[in-house]
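**Student:**
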């Protein structure tokens, strides 16, 4: 195997350089290298969505893996009506909501650490500065309260908040992923924010 | 209802904290490898009945979820189903008592061919009295319907029935 020493661009025939649709076609034929590349492209977003829904790292790891495995086994039913990314998200969302319904309210927090950048986020710093009512609250405590407030929402309401306010997805994309109309997405978002605002009133400067 | 109401701004800032929650270092280094290994081990080939049902008939899964969310609906649905079943049985029994029995008629109409008839209650069927010349049996409708009691007529009246003779053959 020869390597181009002067050119750092990936081999155009390698999975990393291929388009999503080409990777999907190969994966449908059982090409695990192509599927491995698809997993790498979306693993962080899928994991993050599930983690924000469950507030538990171990559950998120299991559910994310199961979602990818389920997606591989169901690839033949993927007709390309939406992007692979949306289709994959739909599988992960359904799997997570089913899991949470079975778990009901017996949750236990297993939160990830907050990265170093959070301490440099001006919005977050404003929340814990001496100008706010919560100046003595550390970021970790704020994190715990925020996750507890999220877990008090119903699964569909929590999912909309996670996908929109945390993941930054548009209303259209959320409607597509959750198989509902945009009006439902908007009303769920409004209601969920109202609920959270009430629960976190002590930590917010409203 | 305006989602960008200013009073949600603080909440949105707080929710930004979620974006800074990250899994342990190196978590994603072998994540895809684990998935591919599980697929190779055969986990990707099978799916549960419910998952397959969700793929092929999502409407049915949504319908079943209504029962899950409202257990009282199950009782109502089951009662309704029983009533429909009971109604069907009663209707079927009622229609059976008014329907005639099926009686076939025999006629010389062709070798080996059979056809059933559905007579009316007021018109009993008579078996035809002649065998076809080639010895086969055929069943067909008989336009000249007569009482069933005379279906075979008297012995000797028909060529179908001959008196038995036990005279030794020479």
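Chains as they are written, first to last, in this note's numbering: chain A, 665 to 870; chain B, 607 to 776. We treat Cβ as the ideally placed atom computed from N, Cα and C, and that holds for glycine. Please read all numbers here as calculations on a predicted model, not as lab measurements.
1. Which residue's Cα is closest to the Cα of residue 638 of chain B: A:811, A:696 and A:703?
2. Are any of the Cβ atoms in chain A nearer than 8 Å to that of residue 626 of chain B?
3. Out of curiosity, what's the CA-to-CA distance linking residue 726 of chain A and residue 711 of chain A?
4. Output the boundary residues of the alpha helix (DSSP H) element that contains residue 804 of chain A.
5. Please name the residue, chosen from A:830, A:823, A:684 and A:690, that lies closest to residue 840 of chain A on a Cα-to-Cα basis.
6. State the DSSP-derived secondary structure class of residue 837 of chain A, mapped to helix, strand or coil.
7. Under 8 Å, Cβ to Cβ, is there at least one residue of chain A near residue 616 of chain B?
8. Nearest CA to the CA of residue 773 of chain A: which residue from A:717, A:782 and A:862?
9. If you draw a straight line from the alpha carbon of residue 820 of chain A to that of residue 635 of chain B, how long is it in whole angstroms?
10. Taking Cβ-Cβ distances shorter than 9 Å, what residues in chain A pair up with residue 645 of chain B?
11. Relative to the alpha-carbon of residue 757 of chain A, which residue among A:838, A:846 and A:857 has its alpha-carbon at the smallest distance?
12. Establish whether the CB of residue 863 of chain A and some CB of chain B are separated by less than 8 Å.
13. Using a C-beta cutoff of 8 Å, does residue 704 of chain A count as contacting chain B?
14. With distances taken from CA atoms, which of A:781, A:775, A:679 and A:731 is nearest residue 811 of chain A?
15. Three-state secondary structure (DSSP) at residue 774 of chain A?
16. Give me the residue from B:690, B:689, B:633 and B:688 with the minimum Cα distance to residue 627 of chain A.
17. Using a Cβ cut-off of 8 Å (strictly closer), state whether residue 682 of chain A contacts chain B.
18. Contact check, residue 860 of chain A vs residue 617 of chain B under 8 Å by CB: the rounded distance?
19. So which residues on chain B does residue 721 of chain A lean against when the C-beta distance must stay under 7 Å?
20. Please identify the residue among A:779, A:807 and A:780 whose C-alpha is closest to the C-alpha of residue 791 of chain A.
21. Mind checking if residue 672 of chain B is an interface residue toward chain A, Cβ cutoff 8 Å exclusive?
22. Please list, in chain order, the chain A residues whose beta carbon lies closer than 9 Å to that of residue 692 of chain B.
23. From the DSSP output, in three-state form, read off residue 738 of chain B for me.
24. State the start and end residues of the unbroken alpha helix (DSSP H) segment that holds residue 728 of chain A.
25. Report all residues from its chain with a CB closer than 8 Å to the CB of residue 730 of chain A; omit the five preceding and five following residues, and keep chain order.
26. Roughly how many angstroms lie between the CA atoms of residue 753 of chain A and residue 695 of chain B, to the nearest whole one?
27. Strictly below 7 Å CB to CB, what residues from chain B border residue 693 of chain A?
28. If residue 830 of chain A and residue 856 of chain A are in contact, beta carbons under 8 Å, what's the gap, nearest whole angstrom?
29. Which of the residues in the segment 804-821 of chain A, read from start to end, lie with their CB under 7 Å from any CB of chain B?
30. Would you verify that the beta carbon of residue 697 of chain B is, or is not, closer than 8 Å to some beta carbon of chain A?
31. Residue 708 of chain A CB to nearest chain B CB: under 8 Å?
32. Is the distance from the Cβ of residue 620 of chain B to the Cβ of residue 867 of chain A below 8 Å?
**Tutor:** The structure says:
1. As a working note, residue 638 of chain B is residue 32 in the second chain. It is A:703.
2. Here residue 626 of chain B refers to the residue found at position 20 when the second chain is read from its first residue. Yes, residue 626 of chain B lies at the interface with chain A (some Cβ there is under 8 Å from its Cβ).
3. Sequence index remark: in the first chain, residue 726 of chain A carries index 62 (1-based). Sequence index remark: in the first chain, residue 711 of chain A carries index 47 (1-based). Approximately 9 Å between the Cα atoms of the pair.
4. Position 140 of the first chain holds residue 804 of chain A. Where residue 804 of chain A is concerned, the enclosing alpha helix (DSSP H) stretches over 803-815.
5. Here residue 840 of chain A refers to the residue found at position 176 when the first chain is read from its first residue. Minimum Cα distance to residue 840 of chain A is reached at A:823.
6. Residue mapping note: residue 837 of chain A aligns to position 173 of the first chain, counting from 1. Three-state DSSP puts residue 837 of chain A in a helix.
7. Walking along the second chain from the start, residue 616 of chain B turns up at place 10. Judged by the 8 Å Cβ criterion, residue 616 of chain B is in contact with chain A.
8. Within the first chain, the letter at position 109 stands for residue 773 of chain A. Taking only the C-alpha atoms, the option nearest residue 773 of chain A is A:717.
9. For the purposes of this step, residue 820 of chain A is taken as the residue at position 156 of the first chain. For the purposes of this step, residue 635 of chain B is taken as the residue at position 29 of the second chain. Taking the straight line joining both Cα atoms gives about 31 Å.
10. Mapped onto the second chain, residue 645 of chain B falls at position 39. Chain A residues near residue 645 of chain B: 696, 699, 732, 733, 736 and 737.
11. The residue you call residue 757 of chain A lines up with position 93 of the first chain. If we check each option's Cα against that of residue 757 of chain A, A:838 comes out closest.
12. One-based indexing of the first chain puts residue 863 of chain A at position 199. Closer than 8 Å: no.
13. Translated into the one-based positions of the first chain, residue 704 of chain A becomes position 40. Cβ-Cβ to chain B under 8 Å: yes for residue 704 of chain A.
14. Within the first chain, residue 811 of chain A is the residue found at index 147, counting from 1. Checking every option, the nearest Cα to that of residue 811 of chain A belongs to A:775.
15. Here residue 774 of chain A refers to the residue found at position 110 when the first chain is read from its first residue. Strand.
16. Past the edges of chain A, shown from 665 to 870, lies residue 627 of chain A, and the structure says nothing about it.
17. Position 18 of the first chain, counting from 1, holds the residue named residue 682 of chain A. So no, residue 682 of chain A is outside the interface.
18. Here the question's residue 860 of chain A lines up with position 196 in the first chain. Here the question's residue 617 of chain B lines up with position 11 in the second chain. Indeed, because the Cβ distance is near 6 Å, the residues count as touching under 8 Å.
19. Position 57 of the first chain, counting from 1, holds the residue named residue 721 of chain A. Those within 7 Å of residue 721 of chain A in chain B are 629.
20. Here residue 791 of chain A corresponds to residue number 127 of the first chain, with the count starting at 1. Comparing Cα positions, the closest option is A:807.
21. On the second chain, position 66 is the one that residue 672 of chain B refers to. So, not an interface residue.
22. Taking the first residue of the second chain as 1, we reach residue 692 of chain B at position 86. Neighbours of residue 692 of chain B on chain A: none; closest Cβ ~35 Å, over 9 Å.
23. For the purposes of this step, residue 738 of chain B is identified with residue 132 of the second chain, where counting begins at 1. For residue 738 of chain B, the predicted structure reports a pLDDT of 48, less than 50, and the residue's modelled location is therefore unreliable. The matter cannot be settled from this model.
24. The residue labelled residue 728 of chain A in the question sits at position 64 within the first chain. Unbroken alpha helix (DSSP H) run through residue 728 of chain A: 721-737.
25. Here the question's residue 730 of chain A lines up with position 66 in the first chain. Once the five neighbours on either side are set aside, the close Cβ partners of residue 730 of chain A are 759.
26. Numbered from 1 along the first chain, position 89 holds the residue referred to as residue 753 of chain A. Numbered from 1 along the second chain, position 89 holds the residue referred to as residue 695 of chain B. Their backbone Cα atoms lie some 48 Å apart in a straight line.
27. On the first chain, position 29 is the one that residue 693 of chain A refers to. Chain B residues near residue 693 of chain A: none, gap ~14 Å exceeds 7 Å.
28. By one-based count along the first chain, residue 830 of chain A stands at place 166. By one-based count along the first chain, residue 856 of chain A stands at place 192. Rounded, the Cβ-Cβ distance is 12 Å, inconsistent with contact.
29. 806, 807 and 810
30. The count along the second chain starts at 1 and reaches residue 697 of chain B at position 91. Chain A contact via Cβ: absent.
31. By one-based count along the first chain, residue 708 of chain A stands at place 44. Chain B, which has a Cβ nearer than 8 Å to the Cβ of residue 708 of chain A, makes this yes.
32. Translated into the one-based positions of the second chain, residue 620 of chain B becomes position 14. Translated into the one-based positions of the first chain, residue 867 of chain A becomes position 203. The answer is yes: Cβ separation under 8 Å.
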